[in-house]
Amino acid sequence: MRRAVALLLLGKAEVLQQRANPLSTVRGVQSAPSVLKMRYQVRRPMPQLRLSRHSILARDNYTCQYCGSRKDLTIDHVLPRWTGGPHTWDNLVACCRRCNLKKGDKTPAQAHMKLARKPKRPHFIPYLSLPLYLKAQGKDEWRMYLPFFEEFSFEETLH
Numbered sequence: 329m330r331r332a333v334a335l336l337l338l339g340k341a342e343v344l345q346q347r348a349n350p351l352s353t354v355r356g357v358q359s360a361p362s363v364l365k366m367r368y369q370v371r372r373p374m375p376q377l378r379l380s381r382h383s384i385l386a387r388d389n390y391t392c393q394y395c396g397s398r399k400d401l402t403i404d405h406v407l408p409r410w411t412g413g414p415h416t417w418d419n420l421v422a423c424c425r426r427c428n429l430k431k432g433d434k435t436p437a438q439a440h441m442k443l444a445r446k447p448k449r450p451h452f453i454p455y456l457s458l459p460l461y462l463k464a465q466g467k468d469e470w471r472m473y474l475p476f477f478e479e480f481s482f483e484e485t486l487h
């Protein structure tokens with residue numbers, strides 16, 4: 329909220345919609361902005377998705393890529409590390425403990441197991457992720473300003 333007020337005072341943004349409940353300040357009660365429109369585009373660097381256990385599980389929708397289970401998930405190297413398999417997006421998948429033990433230090437073909445989907449680096453697209461963030465925050469007043477608000481799923485933003 330502090331940044332929104334600063335942007336308004338500096339003339340860098342304009343209010344499109346006010347909040348229902350006003351702000352109480354030392355100078356009294358003032359209306360609070362709910363939706364702002366920037367007067368010009370602010371370029372920001374594209375955030376890089378970090379390779380982490382959480383990112384791999386989220387990319388794979390918290391589902392074992394061999395059997396579809398959602399319980400007791402670990403991370404599996406599709407090509408085992410000992411054979412030179414890298415620790416990269418393209419070689420890591422979500423895997424339940426049972427399938428991880430069954431596969432062991434073999435490739436999926438050697439273990440007679442099939443991947444549900446070939447692993448790849450997810451794409452982070454801010455304008456697709458914003459509606460998901462707003463939905464999670466319950467920001468329904470933004471809906472009329474974002475025509476694509478209802479069109480995307482979490483899984484689509486990661487693949």
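For the working numbering, count along the sequence shown from 1 and bump the result up by 328.
Idealized CB from N, CA, C, for every residue including glycine.
So residue i and residue j are supposed to be a Cβ contact under 8 Å. How far apart are they, rounded?
{"i": "C392", "j": "A422", "result": "6 Å"}
{"i": "V363", "j": "Q345", "result": "4 Å"}
{"i": "T402", "j": "N428", "result": "5 Å"}
Do you know offhand how far residue i's Cα is from residue j's?
{"i": "E342", "j": "R372", "result": "20 Å"}
{"i": "G330", "j": "P414", "result": "For clarity, residue 330 is Arg in the given sequence; the question names Gly instead. Rounded to whole angstroms, R330 to P414 spans 45 Å at the Cα level."}
{"i": "K434", "j": "P408", "result": "7 Å"}
{"i": "R367", "j": "K340", "result": "6 Å"}
{"i": "I384", "j": "G356", "result": "49 Å"}
{"i": "T353", "j": "D388", "result": "46 Å"}
{"i": "Y473", "j": "D418", "result": "37 Å"}
{"i": "V370", "j": "W470", "result": "19 Å"}
{"i": "R347", "j": "Q358", "result": "10 Å"}
{"i": "Y390", "j": "A439", "result": "22 Å"}
Around the Cβ of residue i, are there at least 16 other Cβ atoms within 10 angstroms (buried) or fewer (exposed)?
{"i": "T378", "result": "In the sequence as presented, Thr is not what sits at residue 378; that position holds Arg. Under this definition R378 is an exposed residue."}
{"i": "D400", "result": "exposed"}
{"i": "K448", "result": "exposed"}
{"i": "P361", "result": "buried"}
{"i": "L486", "result": "Only weak support is given to the placement of L486: the predicted model assigns it a pLDDT of 46, under 50, and the question is left unresolved by the model."}
{"i": "K431", "result": "buried"}
{"i": "L351", "result": "exposed"}
{"i": "L338", "result": "exposed"}
{"i": "L443", "result": "exposed"}
{"i": "L420", "result": "buried"}
{"i": "E484", "result": "At E484 the pLDDT is 48, less than 50, meaning the model places this residue with poor confidence; the figure from the coordinates comes in the next sentence. Burial call: exposed."}
Would you mind working out which of the options sits nearest residue i, comparing C-alpha positions?
{"i": "S380", "options": "R471, P450, E469 and Y473", "result": "P450"}
{"i": "A437", "options": "A386, V406, V363 and C424", "result": "V406"}
{"i": "R425", "options": "Q369, L335 and D404", "result": "D404"}
{"i": "L335", "options": "A348, K365, R347 and K446", "result": "K365"}
{"i": "T416", "options": "K446, M441 and A439", "result": "K446"}
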